[in-house]
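A short worksheet on the structure shown next.
Residue numbers (the working numbering): 694 to 875.
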């Protein structure tokens, strides 16, 4: 019983709901806010926009729309569970909700986070192609869709999804960023 009270103390902490859970909810909402309109455009496939398509084949809406939504739901449930398990490691990091830094520090941190995350994601993505086991068992899920649209952006194995999410926290943890910057 004492073990349960120890863990319950972590999850009764408002910081748990502000840091890992709110950032997961905000990032998922932001992804959907951008992906859904572009998915609708892809589904409608207006003639006047076809000249801008990279591939002239029709989008695979019927085949992959519901599986993409399913992957988003399942991946976020798994990621939320992993964040619960990782909370004892995340809580003592330097990410904070104290005083906001000045505006130019926020801008510099955001630029650093984007560049670092893109670099780390590139390395991870490349390694998933180079490692044949990872390519066959994890990363191949991401490549099932050949002609993608917005909602397919998170169509990936839960392991790849979780690793991608973890990469986004590297910069904020290194710099001890304010939660609003995260």
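Backbone N, C-alpha and C define an ideal beta-carbon position, used for all residues, glycine too.
Source: prediction; values computed, not measured.
Please identify the residue among the options whose C-alpha is closest to the C-alpha of residue i.
i: residue 817; options: 729, 856, 807 and 779; result: 856
i: residue 761; options: 873, 854, 865 and 846; result: 846
i: residue 829; options: 754, 849, 844 and 735; result: 849
i: residue 867; options: 747, 823, 810 and 792; result: 810
i: residue 841; options: 704, 719, 757 and 745; result: 757
i: residue 792; options: 873, 704 and 833; result: 873
i: residue 838; options: 753, 823, 859 and 725; result: 753
i: residue 709; options: 785, 763, 814 and 858; result: 785
i: residue 803; options: 725, 721 and 875; result: 875
Taking just the CA atoms, how far does residue j sit from residue i?
i: residue 702; j: residue 780; result: 11 Å
i: residue 714; j: residue 808; result: 24 Å
i: residue 717; j: residue 773; result: 8 Å
i: residue 759; j: residue 797; result: 42 Å
i: residue 805; j: residue 783; result: 20 Å
i: residue 749; j: residue 698; result: 58 Å
i: residue 755; j: residue 706; result: 43 Å
i: residue 852; j: residue 736; result: 29 Å
i: residue 739; j: residue 746; result: 11 Å
i: residue 861; j: residue 831; result: 19 Å
i: residue 834; j: residue 719; result: 25 Å
i: residue 789; j: residue 712; result: 8 Å
i: residue 744; j: residue 768; result: 34 Å
i: residue 858; j: residue 734; result: 27 Å
Based on the DSSP secondary-structure assignment, which residues constitute the bridge partners of residue i?
i: residue 789; result: 871
Quick check on residue i: buried or exposed, where buried means 16 or more other Cβ atoms within 10 Å of its Cβ?
i: residue 821; result: buried
i: residue 800; result: exposed
i: residue 776; result: buried
i: residue 812; result: exposed
i: residue 770; result: exposed
i: residue 765; result: buried
i: residue 824; result: exposed
i: residue 854; result: buried
Go through its chain and collect everything with a Cβ distance to residue i's Cβ below 6 Å, but skip five positions before and after it.
i: residue 869; result: 787
i: residue 843; result: 728, 731 and 732
For residue i, which residues from the same chain have a beta carbon less than 7 Å from its beta carbon, with the 5 sequence-adjacent residues on both sides left out?
i: residue 794; result: 871
i: residue 864; result: 805, 806, 809 and 810
i: residue 814; result: 857 and 860
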